[in-house]
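Chains as they are written, first to last, in the working numbering: chain A, 253 to 814; chain B, 253 to 814.
First comes the structure, then the notes that go with it.
Written out as structure tokens, the structure reads:
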């Protein structure tokens, strides 16, 4: 057995560094993103793949309170058979088990809980190759992306949440002495104790595309602040979170704690277990990533809980001018193609003034710009092998349906094409659609087309673009925004417009940083400042609503206080 | 003109100290609580009273956007004529004016806003004698208490909120450089800017009894985090907040800012302007202190806003045993008598085991304990002049009605009596009622009897008392709890029960610290862990929901990032 305090001792240096990094917000990472042998060792890749293969077609080894049967709901976008069966528990049993785990978890204290959390992350990282396969075959992310976004970067986001939660829940010291001077007498003397108590049972509702990256912040923030967590994965992406819960329970048991501090809640599609759990009186925290429709429903109906959502919006690019047109096209086309645009951060609405844009390659009309962007996509995706590595696979039929719908628009300038993968001939791979629209076509572009669908939208001017940007994002939300301009005035106006719209902004990205990627410990992901989210990953507001600090005070022993 | 940055420079040392104190949480205070001449100067008392007198019967000098008439709604619990008239604006005009003030206030930045806030507090403190009269004659607090609780302590609570808000809103640095190493190439290099933006228009709904002490935390937390604030005082206690708003507008104007960052919203009783404002789509933050009924209504209906409430509950004392019976009686009787129990923190339910309690003065049955407590009250309040100084005056007819109702209970052991004040013969002054109840009489003791009404409730045992305490506080809430015991086991059980109930606890208070008093920079006041409140004054959670941090990022100028 290793006590929570001992786990804290083991990981204290890492946790201190993580807290410092989350305060400095420069570049920092705890988990290497390179799948190379020089980093993870000679055998890691093979052993990870073997571990993943061993899970296929079997009962996943995990205990679930009150489980009565199993479900198997996943299918690989790469076409291989998964057939993994997970035990299914009833909501009431899961909640009762979580509640029973509270006193011990509260007693572990913030440092002890952070120690346990860091150990969970260490073991998740040790299984990173297995996890990468699990993410690839549930989300459709290409292997390297699954390794990075679903592995190392997700772990970094998890550790960031641990760091912010530990920092915020220890701002008020656990013990303190209060000594108030009295005129002509001894001071009034009290000793005071402050105890962090969790808000209650927490629920994490996972998504299909980024089960770990989007699931870890809420999971670890709730854990470190003293709450038991029920993890409810998307039926299409259970395995990455099941592995995580399995590891968490293993560490909790080793620490002498009730493993039901973390439990897995699976369902058949359509069971609606998320809604049942989220509105239960004992569930006091809900983290959700997914559709605006269900996110808004949770915000309106899970009234007994604090609800942290990451939903959908209209990610917008304002194109005004550039002195690196090639870089712009290369950067933007990659952003559209990466994981087939199946990121909540992929640009959808590209606003271009009708008079065209000035570039170092000459003036470009909106039509020319759209054609150039299509050509850049073709260059990027010309080699099928490289294309598959960038695009990944289409995660589900909903995306395919939207792709078909967009392809039938009258103004398609870059149609979607099928791509064949050598390694996985059954994979569903498609290149992005680009269509031309006018500012007046708001019916089309003010809904989110999740997937590889983007619009080059003609506006009256850059000023009009900025106005349209602010209005649409204010009303419909956005996770990302970006601007290209050589004019400092336009950039300043864009920054002000982004503050008014309430969205994070990237300016003139032409190199190796992409608008749809954010880095843990530096970039915030999402913001409650617009309707696309009610949380930022991970700022203090993301953690402070998850716990209370309760004080007790008494006269200092042996002192007279008359 | 003095810029916000200059005000920050002036007050930086104070703000740094305040931030440090809010982190250490020992004893610290910025504003002297003694009304003595050696502290505030020879002439301060006279000048303050004169300034107060000059306001009576006149139009209060303050600008209100779109004001069309005036209201005069206050009456002094001490019986003097007030007749102060305040200009009345329409909710729509107040909100429009607040929204228009946002860009300038956002641009002032966290430090600039904290500087302005500290200057407002400095000037409020400079008018502390005038404020004390204003608080006395609207709330009924005796003068010294009005000076302390309504003056210095309220200012300390305000500065605490400024400190916590400044600290939390600057955790993410305003600018940072992100440099990610690249294998075999130059690092990726970005400069990033983080800007604090307020959530939106904030509303502070004041209460009748502690307009400044309970109003300042929300007011200053919202201000420093970038929000314009509409201050809606209770119709019975307008003046203390009107003076505050007047000062705030004066400082804002001097700083070259729109004074409508802070506005005053008055009403005739029954206008319901608080509900109108609180549910307006542009009002995004609501702070409220007052009845559970309206607080719960706000939480349920002001859905577009974050709602911080301090409501009512069942403040409980668990009496088990003591080795200082005299000290217990003296301390507890003072807690019941102070400001006629018109504090949201005054004990109401005193739980005593039927077998009685062991004390250093021998065994006491519940009846004997109740009689001893009544006698202690009589000793404390025997001298009319001292009694008036402790009791203050009854704030309104609601309290008088409850006092009459409690007096007609079958089991009154200490009836209420009238007290005459020499200085203010028209004052309404009453001593507390104590009645005996049994644990079975939950109908009587599970509602809040705001005012000088307490119950000695017989339970089966101390263990039963603790169970009753946890159950009633979980369901009905509490702002305070206290326990008396010589047994470390009982104290430990009481601490655990308080964590389960979700309430702050005081243990064995027998000296100069009282359960109904909390000290800024050390004690938290209230907690969302039970139904009596959704906020703690002032922890990080009290401020982090009031702002967003929005980032923008760009390649470092002159660097190639290809």
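Quick reminder that beta carbons are idealized off the backbone N, C-alpha and C, glycines included.
ask   = residue 476 of chain A to residue 793 of chain A, Cα distance in whole Å?
value = 15 Å
CB of residue 391 of chain A within 8 Å of CB of residue 530 of chain A, strictly = no
ask   = Which of helix, strand or coil does DSSP assign to residue 388 of chain A?
value = helix
ask   = Using a Cβ-Cβ distance under 8 Å, would residue 271 of chain A count as near chain B?
value = For residue 271 of chain A, the answer is no, since every Cβ of chain B falls outside 8 Å of its Cβ.
Residues near residue 615 of chain B by beta carbon distance below 7 Å, same chain, minus five either side = 608
C-beta neighbour in chain A for residue 263 of chain B, strict 8 Å = no
query = What residues in the stretch 279 to 306 of chain B bring their beta carbon closer than 7 Å to a beta carbon of chain A?
reply = 279
query = Out of curiosity, what's the CA-to-CA distance linking residue 812 of chain A and residue 418 of chain B?
reply = Note on residue 812 of chain A: pLDDT 49, under 50, position unreliable in the model; no value is reported.
task = Give me the Cα-Cα distance between residue 424 of chain A and residue 451 of chain B, rounded to the nearest whole angstrom.
result = 25 Å
message = If you follow the alpha helix (DSSP H) that residue 724 of chain A is in, where does it begin and where does it stop?
response = 714 to 728
task = Compute the Euclidean distance between the alpha carbons of residue 265 of chain B and residue 286 of chain B, then round it to the nearest angstrom.
result = 23 Å
Limits of the alpha helix (DSSP H) - the one that residue 563 of chain B falls within = Neither: residue 563 of chain B is in no alpha helix (DSSP H) and is coded neither H nor E.
Residues in the stretch 712 to 730 of chain A having any Cβ partner in chain B nearer than 9 Å = none
message = My parser needs the alpha helix (DSSP H) runs of 4 or more residues fully inside the stretch 383 to 451 of chain A; what are they?
response = With a minimum length of 4 residues, the unbroken runs of alpha helix (DSSP H) contained wholly in the stretch 383 to 451 of chain A fall at 395 to 399, 405 to 421.
Alpha-carbon spacing of residue 568 of chain B relative to residue 728 of chain B, whole angstroms = 11 Å
message = Can you give me the C-alpha to C-alpha distance between residue 255 of chain A and residue 513 of chain B, rounded to a whole angstrom?
response = 52 Å
message = Tell me which residues of the stretch 561 to 577 of chain B have at least one Cβ-Cβ distance to chain A shorter than 7 Å, keeping chain order.
response = Result list empty, no residue passes.
request  = Evaluate residue 268 of chain B with the Cβ neighbour count: other Cβ atoms within 10 Å of its Cβ, from every protein chain shown; 16 or more gives buried, anything less gives exposed.
outcome  = exposed
message = On the DSSP letters alone, give me the boundaries of the beta strand (DSSP E) that residue 454 of chain A sits inside.
response = 453 to 457
message = For a contact defined as C-beta to C-beta under 8 Å, what are the partners of residue 411 of chain B on chain A?
response = Here the premise fails: no neighbours, minimum Cβ distance about 17 Å.
query = Along chain A, in chain order, which residues have C-beta atoms closer than 7 Å to that of residue 781 of chain B?
reply = 449, 800, 802
key: Sequence ranges, beta strand (DSSP E) only - wholly within the stretch 607 to 651 of chain B, length at least 3   = 609 to 611, 614 to 616
inquiry  = Using a Cβ-Cβ cutoff of less than 6 Å, which residues in the same chain neighbour residue 371 of chain A once the five nearest sequence positions on both sides are dropped?
reply    = Answer for residue 371 of chain A: 259, 503, listed in chain order.
request  = Report the residues of the stretch 746 to 774 of chain B with a CB closer than 8 Å to any CB of chain A, ordered along the chain.
outcome  = 747, 750, 751, 754, 755, 756, 757, 758, 759, 760, 761, 762, 763, 764, 765, 771, 774
task = Return the residue from the list B:540, B:760, B:618, B:671 that minimises the CA-CA distance to residue 785 of chain B.
result = B:540
key: Any C-beta of chain B under 8 Å from that of residue 615 of chain A   = no
key: Within chain A, partners of residue 797 of chain B - CB distance below 9 Å   = 780, 793, 796, 797
query = Any beta-carbon of chain A closer than 8 Å to the one on residue 428 of chain B?
reply = Contact with chain A is found for residue 428 of chain B, since one of that chain's Cβ atoms lies less than 8 Å from the residue's Cβ.
key: Length of the line joining the Cα atoms of residue 737 of chain B and residue 805 of chain A   = 14 Å
message = Cβ closer than 7 Å: which chain A residues qualify as neighbours of residue 807 of chain B?
response = 760, 763
ask   = Considering residue 690 of chain B, what are the terminal residues of the alpha helix (DSSP H) in which it resides?
value = No alpha helix (DSSP H) holds residue 690 of chain B; the beta strand (DSSP E) holding it covers 685 to 690.
ask   = How about the stretch 459 to 479 of chain A and the stretch 788 to 802 of chain A: do they share at least three Cβ pairs that are nearer than 8 Å?
value = yes
ask   = Counting contacts by CB-CB distance shorter than 8 Å, is residue 420 of chain A in contact with chain B?
value = For residue 420 of chain A, at least one C-beta of chain B is nearer than 8 Å to its own C-beta.
request  = Would you list the residues sitting across from residue 708 of chain A in a DSSP beta bridge?
outcome  = A:602, A:688
Proximal residues of chain A, C-beta to C-beta of residue 432 of chain B below 7 Å = 279
message = Quick check on the DSSP output: the beta strand (DSSP E) that includes residue 803 of chain A runs from which residue to which?
response = If you look at residue 803 of chain A, you'll find it in the beta strand (DSSP E) that goes 799 to 807.
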